[in-house]
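S.K.: Sharing a structure below in structure tokens format, with a few things to ask.
There are 2 protein chains.
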Amino acid sequence: MEKIEIEAIEDEDTCTCIRVDSVQLIQEPQITEEQAVGIAEVFKALGDPTRVKMIYYLQQKELCVHDLSTLLAMGQSAVSHQLRYLRDLHIVKRRKVGKTVFYSLDDDHIEQIFIQTLGHLQHM
Amino acid sequence: MEKIEIEAIEDEDTCTCIRVDSVQLIQEPQITEEQAVGIAEVFKALGDPTRVKMIYYLQQKELCVHDLSTLLAMGQSAVSHQLRYLRDLHIVKRRKVGKTVFYSLDDDHIEQIFIQTLGHLQHM
DNA sequence: TGTATATATGAGCAATTGCTCATATATAGT
DNA sequence: ACTATATATGAGCAATTGCTCATATATACA
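Quick note, the sequences are listed as chains A and B, same order. Using this note's numbering, read the first sequence as starting at 553 and increasing by one per residue. Using this note's numbering, read the second sequence as starting at 553 and increasing by one per residue.
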């Protein structure tokens with residue numbers, strides 16, 4: 553058991569509630585800015601109702617832009633923009649057949665996270 | 553095996569790529585607007601670097617506002633605002649002791665989703 | 001080659017977000 | 001009661017978001 557020097561920290565204010573533990577955490581930062589940004593980026597991609605529906609449908613079957621547009625009752629442009637966004641994050645991938653482009657999920661991890669969360673949220 | 557009437561759908565445009573399946577999906581909507589909004593709401597809460605860090609630290613131990621402020625290198629007001637946001641979603645809860653308020657995670661499901669996702673994202 | 005269909009993309013715009021600043025509230029100590 | 005500390009909150013503002021509209025690109029077919 554080591555004793556921790558509370559006096560080691562000297563700054564402008566007075567709160568010492570659990571300063572000790574905070575310092576311990578600070579000394580092992582454990583999560584970097586880049587990691588936090590990366591994690592947030594993925595969650596943010598799933599954090600929009602339109603994209604939730606898209607991923608929900610794509611998780612069931614490959615769909616073309618037009619059909620997604622119909623299913624979501626949204627303009628083709630809006631759908632294409634969202635698909636572009638998801639594709640940039642490698643959440644979704646394209647398969648072109650003639651004029652039409654089919655989209656499907658591209659990432660097993662994200663798919664699992666999505667499905668698990670769906671399950672969790674049933675019980676809330 | 554049932555045959556599906558493609559001709560049943562008659563609307564303004566021409567794409568019939570997989571219209572049949574789309575209609576099948578449409579006939580069982582399976583995901584409502586409210587559900588999509590609810591799911592997105594949760595993901596959105598996790599979709600910001602500041603909140604990711606907060607949840608990451610709080611998942612390790614209960615912390616007061618001041619210490620979170622120190623850990624995140626952010627102003628107390630910004631931290632309080634974010635905590636308020638997370639509290640409204642029942643992701644975080646308060647425990648008041650004298651002048652200081654301790655925050656901790658309030659939802660096992662969200663905690664699990666967060667940890668699992670953290671694990672998944674290690675392998676990406 | 002010309003036309004129609006399917007998708008992609010840039011610009012613009014209203015709504016939302018995440019912060020800061022100032023200030024309010026709550027509690028403890030004198 | 002007065003002061004200091006800890007947290008909460010409203011207003012404001014710059015940045016981001018998610019759509020629409022117009023238009024570009026790609027492919028199929030006559």
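Ideal Cβ placement from N, Cα and C applies to all residues, glycine included.
Mind checking whether Lys645/B and Asp660/B have CB atoms under 7 Å apart?
M.R.: Not a contact, by the Cβ cut-off of 7 Å.
S.K.: Quick check on this structure: which residue in Gln587/A, Val653/A, Gln674/A, His675/A has the alpha carbon closest to the alpha carbon of Arg639/A?
M.R.: With distances taken between Cα atoms, Arg639/A lies closest to Val653/A.
S.K.: Can you find a CB in chain B that lies within less than 7 Å of the CB of Thr669/A?
M.R.: Yes, Thr669/A counts as interfacial toward chain B.
S.K.: Could you tell me the alpha carbon to alpha carbon distance between Leu598/B and Ile583/A, rounded to whole angstroms?
M.R.: Distance between the alpha carbons of Leu598/B and Ile583/A: 15 Å.
S.K.: For the structure I just gave you, are there three or more beta carbon pairs, one from the segment 627 to 636 of chain B and one from the segment 629 to 637 of chain A, closer than 8 Å?
M.R.: Short answer: they don't touch.
S.K.: Please determine if the segment 608 to 626 of chain B and the segment 604 to 615 of chain A are in contact, where contact requires at least 3 C-beta pairs separated by less than 8 Å.
M.R.: Because the criterion of three Cβ pairs below 8 Å is not met, the segment 608 to 626 of chain B and the segment 604 to 615 of chain A do not touch.
S.K.: Taking Tyr608/A as the query, report the chain B residues whose CB atoms sit under 7 Å from its CB, ordered along the chain.
M.R.: Near Tyr608/A (Cβ distances below 7 Å), the residues of chain B are Ile583.
S.K.: 7 Å is my cut-off, CB to CB: does Leu673/B come that close to chain A?
M.R.: True, the Cβ-Cβ gap to chain A drops below 7 Å.
S.K.: Can you tell me whether Ile667/B is buried or exposed? The criterion is at least 16 other CB atoms within 10 Å of its CB, across all chains shown.
M.R.: With fewer than 16 Cβ atoms within 10 Å of its Cβ, Ile667/B is classed as exposed.
S.K.: With 7 Å as the limit, tell me which residues of the segment 586 to 599 of chain A have their beta carbon closer than that to any beta carbon of chain B; keep them in chain order.
M.R.: Under the 7 Å Cβ criterion, the segment 586 to 599 of chain A contributes Ala588, Val589, Gly590, Ile591, Ala592, Val594, Phe595, Lys596, Leu598, Gly599.
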